[in-house]
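As structure tokens, the structure follows; a few thoughts come after it.
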Amino acid sequence: MALPRIIVVGGGLAGLAAVIKIAEAGGAVDLFSIVPVKRSHSVCAQGGINAAKNLKGEGDTTWQHFDDTIYGGDFLANQTPVKAMCEAAPAIIDLLDRMGVPFNRTPEGMLDFRRFGGTLYHRTAFAGATTGQQLLYALDEQVRRYEAEGKVRKFEGWEFLSAVIDGKGQARGITALNLRTMELRSFPAEALILATGGIGAIFGKSTNSVVCTGSAQSAVFQQGAWYANGEFIQVHPTSIPGEDKLRLMSESARGEGGRVWVPRAPGDKRPAKQIPEAERFYFLEEWYPKYGNLVPRDVATRAIHRVVYEEGLGVDGQPMVYLDLTHIDRATLDRKLGGILEIYEKFVGVDPHVEPMKIFPGMHYTMGGLWVDFNQMTNIPGIFAAGECEYQYHGANRLGANSLMSCIYGGFQAGPNALTYAKDLPAADGDGGQAAEVARQAEINNRLMQNQGTENPFKIWRELGNIMTEHAAVIRYNKGLKQADAKIVELLERYKNVNLADRSQWANTSFAFARQLKNMLELARTVVQGALLRDESRGAHYKPEFPERNDEKFLKTTKAIFTGDVAGPRFEFEDVDIQYIKPRRRSYDATK
Amino acid sequence: MADKKLQLEIKRQASPDDPAEWERFELDWRPGMNLVSAMMDIAANPVTADGRPTTPVTYDSNCLEEICGSCAMRINGKARMACSALIDNLEQPIRVEPLSKFPLVRDLQVDRSVLFENLKAVKAWVPVDGTYDLGEGPRVYPQQQEANYPLSNCISCTCCMEVCPQFNESTGFVGAATIAQVKLFNNHPTGKVFKEERLRALAGDGGIQECGFAQNCVEACPKQLPLTEAISDLGREVAVQKVKDFLRK
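Heads up: the protein sequence lines correspond to chains A and B, in order.
Counting from 1, position 241 in the first sequence corresponds to residue 241 in our numbering; the numbering is continuous, with no gaps.
Heads up, our numbering is the position in the second sequence plus 592, with the first residue counted as 1.
As structure tokens, then:
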């Protein structure tokens, strides 16, 4: 019998990790990516990757890592997969090291580790401040090796449009669009793995890359895949506001001793360096003496919001606070944080060695994503998911430097599991639904291309981003969420009137964007409506009207199920696996 | 300030078979704009300066933080990344064209896959035995890490190839980026198992001897890779390898 063919969609860390495992096990892989995989969004990860290697004599354990992750996620993550990830993490670091990732070293030649948010241990391995780039390259190189050996076929510049699902409800392949020739076709496979990353574009400006639209996961959501915990959106406390995007300023800046502060006097006009120590308000250190600047991201983000909007202490009266590294010597900064300091200097034009950086929270990550079982399979047989596009590892708030681990670990699980599934899959009846799905997609494409409306898709997108950022980010009120949902319904209606300024059949980026936009709008409703239903505060989801966590009602996974109705998705709630650690109150003002 | 404008001239070409033409745009200026945000504004309102409707500009971009390597183009004649090209630092009208040494796809988008093919040819990877748990990696001292890390920062933007006078069809030169990767993997305790093969791959036509030491590459590199240092180190090693191979015959 021929080897099963697996399709992996997405060439970031999770996708490449899955490809490597499948190729190593002898499976055949087709790898699809909008961009050349080496340009995937994983390159943007900066600070590091967590594993309890305990190389600093602190007595760190994988159980501590597990406990920090569950506690940091406010007990919403299913504990079985998180425990397994934390246990696998040290060996994954060793593997990455063997693959040649240039991790920072101690004088004795061992891996160096730094501290990150939400833990008291030095648990984060790092390669300067470009860890994601270095990890992605290591996996990219291994995949290139398999490609050279003929075990992997790459389809770069193809965009996933939909899954091909047969009459029995099983996945049989995908349809995809060639972004250069605009050719639409189907690719058969026995199983597919979505590793399509984040959804930042739904919020307009975020720290995410341009391709992080959530379009692929939304497409399969609309084909019946459940979408879980969509309301949990991480707003990173420290980003650099920009005209085109919000650039990440890594948590590692604080891990290496960076301090967040504002002048104590509102509207203090003096340059930062002239404000004496006693007149600076190090609010994170004062409010959270145990964790200080390294409280988890949701806590830090809300603290910055409070200082700026409730206490009126933003720098120069603007929504900005200082992130200060100027007390650390230049050589240390360059060795451990060089990459991110260069970004700040290039894009802001100010040297952060000398002047404190001005930063503000920015949309960064989705904890929610496609619902998967403990084998990384969605509810549609044969569709697996790994990485940021699935919901499994971070609960209500992700700890810094856990995402790179969850991507690689998730990919390492999804790959072999997809292969096992595919080996047992009976042959499809007929063409398995390929022709019908291509026809359905061709119909959508033709309608869009010929539409004679008046709406510009990029303008609709900007409106979506504004409404999501206003109502569905750091602080949520039910009234605002309802407004946001109504606005999305309006935008969906206006989308029907979309007019492409470009109708050509060659490298038509407006067309590809307009297709993504429809999927963004549909997915945005799972975020907004999920948030509306969850009348409590947990992790990154914060409602001043319901400031406490309510385990009795909401220690549940939210599952959104697409209906196609104007009312939006249908929601179900599922119990969380809490068999190892009993939920307890989460608070970072003292030791947990 | 509200009506401050910025002037942009973009070289447009609908496909490789269509003629190229320059289009002029006049956009509202905002503080902190980069070239990518200007092109996003054009997409939201695709009209030229003389009021003619046009198409949004096709160009590669992704991270917008100068780490993915996508958005390389020629800006005021210089090969660089569009995301880090801040409008206020550029002379106007800003003239934007595609990289000239790679097959054009459309507008500012070109096909740079030659670099990835080159990386295959020089086996730019560490041949690990497998992904199962084989224990810790080799010891690496900080001094070695600090020498290798800068080489590992290459974002495959191909600016070094664009500006190289020797990178053209007649020489078939691989370009500086690939040579730097050979040095990186030859330095690695496990990666060096392919050292001789990699040096031989750089020895033939289009290999390292095509370099004319114009040193444009190191000037253009947005990540400050020590490219000329890598080329001179490897030039020596390739020569030594050639002699060894000759004597072995």
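Even for Gly, the Cβ is constructed at its ideal location relative to N, Cα and C.
Item                                                                                                                                                                         : Value
Compare the C-beta of G12 (chain A) against all C-beta atoms of chain B and say whether one is closer than 8 Å.                                                              : no
Quick one: is D595 (chain B) buried, meaning 16 or more other Cβ sit within 10 Å of its Cβ, or exposed?                                                                      : exposed
Does the beta carbon of F725 (chain B) come closer than 8 Å to any beta carbon on chain A?                                                                                   : Reading off the sequence, residue 725 (chain B) comes out as Asp, not Phe. True, the Cβ-Cβ gap to chain A drops below 8 Å.
Does the structure place the segment 109-120 of chain A close enough to the segment 144-158 of chain A that three or more beta carbon pairs sit under 8 Å?                   : no
Straight-line CA distance for A635 (chain B) to N668 (chain B)?                                                                                                              : 21 Å
Tell me the DSSP secondary structure of A385 (chain A) in three-state form.                                                                                                  : strand
Given P90 (chain A), which residues of its chain have a CB within under 6 Å of its CB, disregarding the five upstream and five downstream residues?                          : A51, K53
Any idea what DSSP makes of M593 (chain B), helix, strand or coil?                                                                                                           : In this prediction, M593 (chain B) scores a pLDDT of 48, lower than 50, which makes its location untrustworthy; the coordinate-derived value is nonetheless stated afterwards. M593 (chain B) falls in the coil class under three-state DSSP.
Less than 8 Å between CB atoms is the rule here; does E56 (chain A) satisfy it with respect to chain B?                                                                      : Checking the sequence, you will find Lys at residue 56 (chain A) rather than Glu. For K56 (chain A), the answer is no, since every Cβ of chain B falls outside 8 Å of its Cβ.
Grab me the residues of T124 (chain A)'s own chain with a C-beta within less than 8 Å of its C-beta, minus the 5 sequence neighbours each way, in chain order.               : G47, G48, I49, N50, F113, R114, R115, F116, S252, G255, G400, A401
Just tell me which of A:G564, A:I475, A:G530, A:D67 has its CA closest to the CA of Q579 (chain A).                                                                          : A:D67
Rounding to the nearest angstrom, what Cα-Cα distance links A677 (chain B) and A812 (chain B) in this structure?                                                             : 13 Å
Apart from the five residues just before and just after L826 (chain B), which ones in its own chain have a Cβ nearer than 7 Å to its Cβ?                                     : I771, V774, K775, L794, I800
Would you say I20 (chain A) lies against chain B (beta-carbon separation less than 8 Å)?                                                                                     : yes
Hey, F232 (chain A) and L523 (chain A) are a contact pair by Cβ (cut 8 Å); roughly how many whole angstroms apart?                                                           : Actually they are not in contact, since the Cβ atoms of F232 (chain A) and L523 (chain A) sit about 14 Å apart, beyond 8 Å.
Would you call the segment 226-241 of chain A in contact with the segment 291-302 of chain A, where contact means no fewer than 3 C-beta pairs closer than 8 Å?              : yes
In chain E, which residues lie less than 8 Å from L161 (chain A) when you measure between Cβ atoms?                                                                          : The structure shown contains no chain E; the protein chains it does contain are A and B.
So which residues on chain A does M625 (chain B) lean against when the C-beta distance must stay under 7 Å?                                                                  : E243
If the cut-off is 7 Å on Cβ atoms, which residues from the segment 128-140 of chain A count as contacting chain B, listed in chain order?                                    : G128, T130, Q133, Q134, Y137
Entirely within the segment 382-456 of chain A and at least 3 residues each: give me those beta strand (DSSP E) ranges in chain order.                                       : 383-385
Please confirm if L826 (chain B) has its CB atom under 8 Å from at least one CB of chain A.                                                                                  : no
Where A135 (chain A) and G197 (chain A) are concerned, what is the direct C-alpha to C-alpha distance, given to the nearest angstrom?                                        : One point to set straight first is that residue 135 (chain A) is Leu, not Ala, in the sequence displayed. Approximately 16 Å between the Cα atoms of the pair.
In the DSSP assignment, find the alpha helix (DSSP H) that holds K21 (chain A) and state where it starts and stops.                                                          : 13-24
Please classify M593 (chain B) as buried or exposed, where buried requires at least 16 other C-beta atoms within 10 Å of its C-beta.                                         : Confidence in M593 (chain B) is poor, its pLDDT being 48 and thus under 50, which makes the residue's placement unreliable; the coordinate value appears in the next sentence. Classification for M593 (chain B): exposed.
Would you tell me roughly how many angstroms separate the C-alpha atoms of I174 (chain A) and S186 (chain A), rounded to the nearest one?                                    : 6 Å
Below 7 Å CB to CB, which residues in the same chain sit around Y365 (chain A) once its five sequence neighbours on both sides are set aside?                                : G198, Q234, E388, R398, S403
Go ahead and label S884 (chain B) buried or exposed: buried means 16 or more other beta carbons lie within 10 angstroms of its beta carbon, across all protein chains shown. : Outside the displayed span of chain B (593 to 841) sits residue 884 (chain B), for which this structure offers no information.
Decide if P645 (chain B) is buried, meaning its Cβ has at least 16 other Cβ atoms within 10 Å, or exposed.                                                                   : exposed
Any C-beta of chain B sitting closer than 8 Å to the C-beta of A125 (chain A)?                                                                                               : no
Please classify E141 (chain A) as buried or exposed, where buried requires at least 16 other C-beta atoms within 10 Å of its C-beta.                                         : buried
Can you list, in chain order, the residues of its chain whose CB lies under 6 Å from that of Y421 (chain A), leaving out five sequence neighbours each side?                 : A191
Could you tell me the alpha carbon to alpha carbon distance between G292 (chain A) and A385 (chain A), rounded to whole angstroms?                                           : 36 Å
Starting from N478 (chain A), trace the alpha helix (DSSP H) in both directions and tell me its first and last residue.                                                      : 478-495
How would you list, in chain order, the residues of chain B whose beta-carbon sits under 7 Å from the beta-carbon of S180 (chain A)?                                         : A small fix is needed here, since residue 180 (chain A) is Arg in this sequence, not Ser. Within chain B, the residues near R180 (chain A) are V697.
Determine the direct distance from the alpha carbon of G453 (chain A) to that of F412 (chain A), and round the result to whole angstroms.                                    : 46 Å
If you draw a straight line from the alpha carbon of Q701 (chain B) to that of D609 (chain B), how long is it in whole angstroms?                                            : 14 Å
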